[in-house]
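A short worksheet on the structure shown next.
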Amino acid sequence: MQQFSVVISGFDRYDGIDVNPSFEVPRALAEQGLGISTDIDNPLSDVSVTIHTVSLPISFTDSWPELKRMLDAVRPDIVIATGLKRSARGIALERCATNLMDAANPEDAAPRRTPIDPEGPAAYWTRLPLRSILRDFTVEDIPATLSSDAGTYVCNSLFYRLMHWNASQERVLSGFVSFPKVVESAHSPQGLPLDRQIAACRAVVREAIRYHLRPSSEEILLD
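All residue numbers for the sequence shown refer to this note's numbering, where the first residue is 31 and numbers rise by one.
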């Protein structure tokens, strides 16, 4: 049986948000597991998955060191960082991390419009198989979109540093997923119920494992 180690990160409390999906979803997945079918035709039936979660401070200076400590301890095969996108209708799959910090009211005095890494590339692309993830979302009727980038705040800074780390790793898949607000109705104009967001993150992990087993360049990005 092939063993997979998965790290899913989220963030601590957001101002004005009573139920934070980037805290609740990783925790639920660690408790509930992936629900992988043992059917012999299922390519994941012979896979064992351990999910590790970490909740990070919403801080330019402190979030990445906290995640890096977890990565060093666990040495994962897959890393899925998550955050909150308040205005989103559904799940936002982030395609690109840009080398830019820009916050109108930075909580820890990050300079305006400065690079995350002055020596780093302008951007990094996700390593997650977005095409197959979206196909899975369609089957499960989960609203989702491809997002060009994760903004210029802490989510993007963490995403960039994660992908910079990933560039030096062999066969590690990493990326960033933004959750919408938690609402009661699946038909709300903004947001999704918590159980649908948990199902979405479960699909992201499953498809990342499938891709890890059988990589294909056409699964990474949508044109």
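Heads up, the beta-carbon is just placed ideally off N, CA and C, and yes, glycines get one too.
If you count every other CB in all the chains shown that lies within 10 Å of the CB of residue i, and 16 or more means buried, which is it?
| i | result |
| --- | --- |
| T103 | What sits at residue 103 in the sequence shown is Ala, not Thr. Under this definition A103 is an exposed residue. |
| A197 | exposed |
| I70 | In this prediction, I70 has a pLDDT of 47, which is less than 50 and means its spatial position is unreliable; nothing more can be read from the coordinates. |
| E89 | The question names Glu, but residue 89 is Ser in the sequence shown. The residue is buried, with at least 16 neighbouring Cβ atoms inside 10 Å. |
| D166 | buried |
| R244 | exposed |
| M193 | buried |
| P159 | buried |
| R191 | buried |
| E200 | exposed |
| E124 | buried |
| T156 | buried |
Tell me the residue span of the beta strand (DSSP E) that contains residue i.
| i | result |
| --- | --- |
| Y154 | 153 to 155 |
| F41 | 32 to 41 |
| V109 | 108 to 114 |
| S78 | 77 to 86 |
| E124 | 121 to 124 |
What do you reckon, are the CB atoms on residue i and residue j nearer than 7 Å?
| i | j | result |
| --- | --- | --- |
| V84 | S52 | no |
| A111 | L176 | no |
| T128 | D179 | yes |
| G113 | F41 | yes |
| V109 | S204 | yes |
| M100 | V37 | yes |
| L59 | V79 | no |
| R232 | P173 | no |
| S162 | E61 | no |
| L224 | T182 | no |
Between which two residues does the alpha helix (DSSP H) containing residue i stretch?
| i | result |
| --- | --- |
| E54 | 51 to 62 |
| I228 | 224 to 243 |
| A103 | 93 to 104 |
Whole angstroms are fine: how far does the CA of residue j sit from the CA of residue i?
| i | j | result |
| --- | --- | --- |
| D132 | D76 | 45 Å |
| F209 | R226 | 10 Å |
| A152 | G46 | 32 Å |
| L74 | V213 | 32 Å |
| W94 | P106 | 16 Å |
| H217 | L97 | 34 Å |
| V202 | R57 | 22 Å |
| I239 | F34 | 8 Å |
| E222 | K211 | Reading off the sequence shown, one finds Leu at residue 222, where the question assumed Glu. In a straight line, the C-alpha of L222 is about 7 Å away from that of K211. |
| D92 | L86 | 8 Å |
| R116 | L164 | 20 Å |
| M28 | V235 | A query on residue 28 cannot be resolved here, the shown segment of the chain reaching from 31 to 253 and no further. |
| A122 | V207 | 6 Å |
| V169 | A230 | 11 Å |
| N186 | N50 | 18 Å |
The ligand GDP and residue i: does the residue's C-beta get closer than 6 Å to at least one heavy atom of that ligand?
| i | result |
| --- | --- |
| D45 | The ligand GDP is absent from the structure shown, which contains no ligand whatsoever. |
Curious, which full-length beta strand (DSSP E) runs of at least 3 residues does the segment 167 to 208 contain? Correct list: 174 to 177.
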